[in-house]
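**Student:**
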């Protein structure tokens, strides 16, 4: 027999050592800790969660909804009846803001998540196969980047998309159009990142074991760019919310009777002087939404970046310093 | 085992008193650098890491101190602390005095007056320590300008030329205007040394200066460091993990473990009379290139301690085979070992140890495993891998729009060899010699390759469909160089090991069983399967990599530098494991390695490659014991041996220059440009080397043996490609430090 036994004994000792010394911290724990260390990011997360909660349960706190017209209160500033006042048509602004926030967050989340997913699969596939596949896929990507998104959105949501519009609510249509035009930048980033991952030995090891390409992409490439994906989701959400606001503002995004923050802001611009609450309330909500996401993003980057200086701020455990 | 507890309790107070006494005097003699009680700690996610815990040393002018230790032992942190280069988050205490002047606590700006002037540093990675956008000349003159503001421009230039010439860069005047990328790694390290000695420093700190370089280049750079020291009279602190490198050049050695020096003394004391089990283990863990006799290496079990908590007992106790209860009662101080005040060891049992103790016995090294194939003559074993005239040429093109072919890089040029069952075949050579390309060609296994690769009876010329390829993959698996990179960080060990099994179409139950078997086979705890790779040490990760390669029961395992990324003490364990597996499972290995000592230890046969060609091939003891090709001889003489006496007296062939670019490879013998034999040949014979390509020829037994044996004698298992193997060596390329004191006046 050989030294199997001695090695095992050593492994036991090591095991005890590893556990007692809490040397092993799960990566998720480290990321969580680092994120929590960034106070701005935590505040951002809190604001975002509060807004999401507000958009879903806020409707229960008012008897009004976004369609009911209050003929006695037309264009009234905030009062006891209507927390945030009413519009020119006598619709409660609070109800509309709740609804608009929900639509905006929904659009942001769906577009942010799905576009990153598309980008991940597309980018990884390009990187994995390389050669001709890469060239063709890259050409498609470039073509999409060059296409004028604004025009397509305008056509799809107003004139040309009549048949589509009958079947789909305008916010869903906007989501689809935004999706088509939002994943390319990320896909290119992921492609370059995966290409460097392809050089790593574990991908080579899988290839040499004969693992089929599809599985290598799914099991080895996509999870390993996870931190980038998380960062890109938050960025994508912000981008989608801003795009929705911008499109709706110029009148080609969400169409009434659907409301969104963009529609509210766009509709109120001409009346800032007469009905200021109609303009400032949705604008504040939008700033809170995108601002909180930006704050979170900063903290996430800090948490995922292995070279960040976040460790320097780690609390020193007391009583562990040398007696010097 | 006797418990000599009498020394234990009385000790610490005495040691503290002595230390304070020395600290009070501070550089009692003429020490140029004296470090006292140096403590460094860093913040991490897990709390404070005590990286350095009480380093003391005095460095005398003109002497060399070698600091030896594994990664994480605090040797680099010590050097950075001396230089004042640690980040501001590090907490440093103690005292560092340069010629009596305290350096710790000086501001960054104040330190600048010393750095590069009185105290200079050579870093590990020459590729990244020079700024790519400035010429080499500009970077050398920068070092001069900063500390000598009054120096005139021509004077600076003259000094730069002088420096470059000193470190052995040909035509230094022209090379001043060259950019770093025009230099090879070894050349860049020479430039780094030139910059470091520009202002005649009193102390030169070299942090693993040769680790990133090839052995032949390492020999050159060590030689340059030696000349630099002689020219400037500087004291050198040489930090390394390689006991061979310091054996030849250091006067004193400090062995560090877990942030603390555990043994200090003169070179001879440390190598011939170690008094600390860790030092003994380290010395026993390195295979030697000059020893043919096969014995197991000394494995030091376990991993270095976590420096989050200050150890309560001896920091080496958990891994020490001689541990007693007394060892756990307080950290032993550095005490004079065998009477001589210079030799100190931090071990309460140092009295019992010494040069005559058998290390293999203490560390209970496993016996040398014997394979069932060892008894079978090589010719009767079946072939598992055969390469026939494999070539890999890359076209070199120029031009952006119209690509013109301006040459061919012959990465692999007509390689033929075979591997039999149960044997380990190694390929050695400098980087750029085509070792890795050969491996890739074998792993690639494609029909369109130039040359034939036969794996387990399946030829790449016939294997076209996925099924044949799958069969081939089951015959051959690979272990990678970097165990961290080869394991997906998001996979648990179970997932890592199940991947090849799933791929082979095994069901869940069978996979589970096989994984438990594998874990046991490579010496890992079966309940560790749910861990992630980052929860293991480097050696354990490499074991996981080996287990993955063995999962599908291959006949041949390809090892790409399997231990070069591991620490010395861990390396021994992995080499022993590979040896054992080869014997028990009847595996064959194809190994690529640059460490010839490891190759000699583990292989049966070896091929030496140079510029895509095999220059010498054969049984390992023949090739290493009686090298015929001048390149093999040069390679072997460049390997440092952990034996100070031997190192000082051995004759060393220092090759000139670097591996030539494959583009300007000579027409005849590839090696002619650097060959020590060629340089000494008369012109008529040189002509032959330059025009004809030497073929691989078998070594014939000596005439005496032929006379003894009746009838024709079989050729020996050794072939080489050289016309003049017995030629004289060129004197310029031979270096001998025969004097007992290598740093005489």
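Residue numbers (the working numbering), protein chains in the order written: chain A, 1 to 324; chain B, 325 to 1069. Don't be surprised by glycine CBs; every beta carbon is placed ideally from N, CA and C.
1) Tell me whether the beta-carbon of residue 926 of chain B lies closer than 9 angstroms to the beta-carbon of residue 954 of chain B.
2) Since residue 1070 of chain B contacts residue 589 of chain B with CB under 8 angstroms, what's their CB separation in whole angstroms?
3) Using a Cβ-Cβ cut-off of less than 9 angstroms, give me the residues of the segment 88-120 of chain A that come near chain B, in sequence order.
4) Suppose only complete runs of 3+ residues qualify. What are the beta strand (DSSP E) ranges in the segment 733-763 of chain B, listed by chain order?
5) Give a yes or no on whether 9 angstroms exceeds the smallest Cβ distance from residue 208 of chain A to chain B.
6) Using a beta-carbon distance below 9 angstroms, is residue 14 of chain A in contact with chain B?
7) Strictly under 9 angstroms for the Cβ-Cβ distance: is residue 201 of chain A near chain B by that measure?
8) So with CB distances below 9 angstroms, who are the chain A contacts of residue 810 of chain B?
9) With DSSP as the reference, please indicate the residues paired to residue 385 of chain B in a beta bridge.
10) From which residue to which residue does the beta strand (DSSP E) around residue 717 of chain B run?
11) Take residue 367 of chain B and list the residues in its own chain whose beta-carbon comes closer than 8 angstroms to its own, dropping the five residues that flank it on each side.
12) Which of the three DSSP states, helix, strand or coil, is assigned to residue 192 of chain A?
13) Quick check: the segment 99-106 of chain A against the segment 199-209 of chain A, are there 3 or more CB pairs under 8 angstroms?
14) Any Cβ of chain C within less than 9 angstroms of the Cβ of residue 30 of chain A?
15) List the residues of chain B whose Cβ lies closer than 8 angstroms to the Cβ of residue 38 of chain A, in chain order.
16) For a test of the three-state rule: what should DSSP assign to residue 360 of chain B, helix, strand or coil?
17) In whole angstroms, what is the alpha-carbon distance linking residue 303 of chain A and residue 110 of chain A?
18) Using 9 angstroms as the limit for Cβ to Cβ distance, is residue 786 of chain B near chain A?
19) Find the residues of chain B that neighbour residue 223 of chain A, judging by a C-beta separation of less than 7 angstroms, and give them in chain order.
20) Within its chain, find whatever has a CB closer than 6 angstroms to the CB of residue 272 of chain A; leave out the 5 residues flanking it on each side and keep chain order.
21) What is the DSSP secondary structure of residue 325 of chain A, counted as helix, strand or coil?
22) Less than 8 angstroms between the CB atoms is what I'm expecting for residue 420 of chain B and residue 921 of chain B, so what's the real figure, rounded?
23) May I have the straight-line CA-CA distance separating residue 940 of chain B from residue 210 of chain A, to the nearest angstrom?
24) Is the beta carbon of residue 968 of chain B closer than 9 angstroms to that of residue 591 of chain B?
25) What three-state label does DSSP hand residue 58 of chain A in the structure shown?
26) Between the Cα of residue 544 of chain B and those of B:1019, B:1010, B:1040, B:962, spot the shortest distance and give me the residue it belongs to.
27) Could you check what DSSP says for residue 314 of chain B in three-state terms: helix, strand or coil?
28) Return the bridge partner residues of residue 587 of chain B from the DSSP annotation.
29) Could you compute how far the alpha carbon of residue 246 of chain A sits from the alpha carbon of residue 185 of chain A?
30) Name the chain B residues that come within less than 9 angstroms of residue 233 of chain A, Cβ to Cβ?
31) Tell me the residue span of the beta strand (DSSP E) that contains residue 820 of chain B.
32) Taking 8 angstroms as the cut-off, is the C-beta of residue 682 of chain B nearer than that to any heavy atom in the ligand MG?
33) I'd like to know if the segment 141-149 of chain A and the segment 67-84 of chain A are in contact, where contact means that at least 3 CB-CB pairs between them fall below 8 angstroms.
34) Give me the residue from B:514, B:463, B:612 with the minimum Cα distance to residue 981 of chain B.
35) Measure the C-alpha to C-alpha separation of residue 747 of chain B and residue 912 of chain B and round it to an integer number of angstroms.
36) For the alpha helix (DSSP H) holding residue 893 of chain B, just list the boundary residues, first then last.
**Tutor:** Let me lay it out:
1) Not a contact, by the Cβ cut-off of 9 angstroms.
2) This structure cannot speak to residue 1070 of chain B, because chain B is shown only from 325 to 1069.
3) Listed by position along the chain: nothing, the set is empty.
4) Segments of the beta strand (DSSP E) lying fully in the segment 733-763 of chain B: 748-752.
5) For residue 208 of chain A, the answer is yes, since a Cβ of chain B falls inside 9 angstroms of its Cβ.
6) Note on residue 14 of chain A: pLDDT 44, under 50, position unreliable in the model; no value is reported.
7) Yes, residue 201 of chain A counts as interfacial toward chain B.
8) What residue 810 of chain B touches in chain A: 200, 201, 202, 204, 205.
9) DSSP output for residue 385 of chain B lists no bridge partner at all.
10) Bounds of the beta strand (DSSP E) holding residue 717 of chain B are 707-722.
11) Cβ within range, chain order: 373, 413.
12) Looking at residue 192 of chain A - three-state DSSP - the assignment turns out to be helix.
13) In short, these stretches do not touch, since the Cβ pair count stays below three.
14) Although the question refers to chain C, the structure presented lacks it and instead comprises the protein chains A and B.
15) Simply none; closest approach about 14 angstroms.
16) Strand.
17) The alpha-carbon atoms of residue 303 of chain A and residue 110 of chain A are separated by roughly 24 angstroms.
18) By this cut-off, residue 786 of chain B is not an interface position.
19) What residue 223 of chain A touches in chain B, judged by beta-carbon distance under 7 angstroms, is 814, going in chain order.
20) Around residue 272 of chain A: 279.
21) Here chain A comprises residues numbered 1 to 324, so residue 325 of chain A is not present and cannot be evaluated.
22) Actually they are not in contact, since the Cβ atoms of residue 420 of chain B and residue 921 of chain B sit about 36 angstroms apart, beyond 8 angstroms.
23) Just so you know, the alpha carbons of residue 940 of chain B and residue 210 of chain A end up roughly 34 angstroms apart.
24) In this structure, residue 968 of chain B lies closer than 9 angstroms to residue 591 of chain B by Cβ.
25) Reduced to three states, the DSSP call for residue 58 of chain A is helix.
26) Among B:1019, B:1010, B:1040, B:962, the Cα nearest to that of residue 544 of chain B is on B:962.
27) Here chain B comprises residues numbered 325 to 1069, so residue 314 of chain B is not present and cannot be evaluated.
28) Bridge partners of residue 587 of chain B: B:579, B:669.
29) Going by C-alpha positions, residue 246 of chain A is about 19 angstroms away from residue 185 of chain A.
30) Simply none; closest approach about 18 angstroms.
31) Counting along the chain, residue 820 of chain B falls outside any beta strand (DSSP E), though it belongs to the alpha helix (DSSP H) covering 817-827.
32) Among the components of this structure there are no ligands whatsoever, and the ligand MG is therefore not found.
33) Taking a cut-off of 8 angstroms for Cβ pairs, the segment 141-149 of chain A and the segment 67-84 of chain A do not touch, as fewer than three such pairs fall below it.
34) Of the candidates B:514, B:463, B:612, the residue whose Cα lies closest to the Cα of residue 981 of chain B is B:514.
35) Roughly 5 angstroms separates the two Cα atoms.
36) Note, residue 893 of chain B: alpha helix (DSSP H), 892-909.
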